[in-house]
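S.K.: Each residue of the sequence shown is one higher than the one before, starting from 24 at the first, in our numbering. A single structure is presented below for examination.
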Amino acid sequence: MKADDVKPGMRNLDLELKVVDMEEPHTFEKKGKQGKVVTAVCEDDSGRVKVSLWDEDVDRVETGDRIRVEGGYSRLFKGELRVSAGRHGEIVVLT
């Protein structure tokens, strides 16, 4: 699948993307546990999509990396389309 094909509410997404920019990570607390999240702007030859990176993925992915989202999902967050690996998917760093 290509970035331009992603629509809200899709499941089991597989995408190969290049990370072109990353926002500053921030921490949160949910159910008494601390976590981290960062939004990465990613692209392929069809367009751009924002990818939410959680916890250990925040430290593994850098601007310029090629990543593969395996088994991810998409949704609208604050009016913007976001892709995430979620609990059942995975972010694989290719380079």
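C-beta: ideal position from N, C-alpha, C; glycine also.
Using the DSSP secondary-structure output, state which residues sit across from S69 in a beta bridge.
M.R.: Locating residue 69 in the sequence shown gives position 46, counting from the first residue. None, per the DSSP bridge assignment.
S.K.: Extract the residue ranges of the beta strand (DSSP E) inside the stretch 36-70, only unbroken runs of 3 or more that lie entirely within it.
M.R.: List check, beta strand (DSSP E) in window: 36-45, 49-53 and 56-67.
S.K.: Mark V74 as exposed unless 16 or more other C-beta atoms lie within 10 angstroms of its C-beta, in which case mark it buried.
M.R.: Here residue 74 is taken as the residue at index 51 of the sequence shown, counted from 1. With 16 or more other Cβ atoms within 10 Å, it is buried.
S.K.: Using DSSP with H/G/I as helix, E/B as strand and the rest coil, what is E79?
M.R.: As a working note, residue 79 is residue 56 in the sequence shown. E79 falls in the helix class under three-state DSSP.
S.K.: Quick check: the Cα distance between R110 and D28, rounded to an integer number of angstroms?
M.R.: As a working mapping, residue 110 is identified with position 87 in the sequence shown. As a working mapping, residue 28 is identified with position 5 in the sequence shown. Going by the C-alpha atoms only, they are around 22 angstroms apart.
S.K.: When the Cα atoms are used, what is the spatial distance from D44 to I114?
M.R.: Walking along the sequence shown from the start, residue 44 turns up at place 21. Walking along the sequence shown from the start, residue 114 turns up at place 91. Answer to the nearest angstrom: the Cα atoms are 16 angstroms apart.
S.K.: Counting C-beta neighbours from all protein chains within 10 Å, is the total for L99 16 or more, i.e. buried, or is it exposed?
M.R.: Taking the sequence shown and counting its residues from 1, the one referred to as residue 99 is at position 76. With fewer than 16 other Cβ atoms within 10 Å, it is exposed.
S.K.: Should G102 go down as buried or exposed, given a rule of 16 or more other Cβ atoms within 10 Å for buried?
M.R.: Along the sequence shown, one-based indexing puts residue 102 at 79. Result: exposed.
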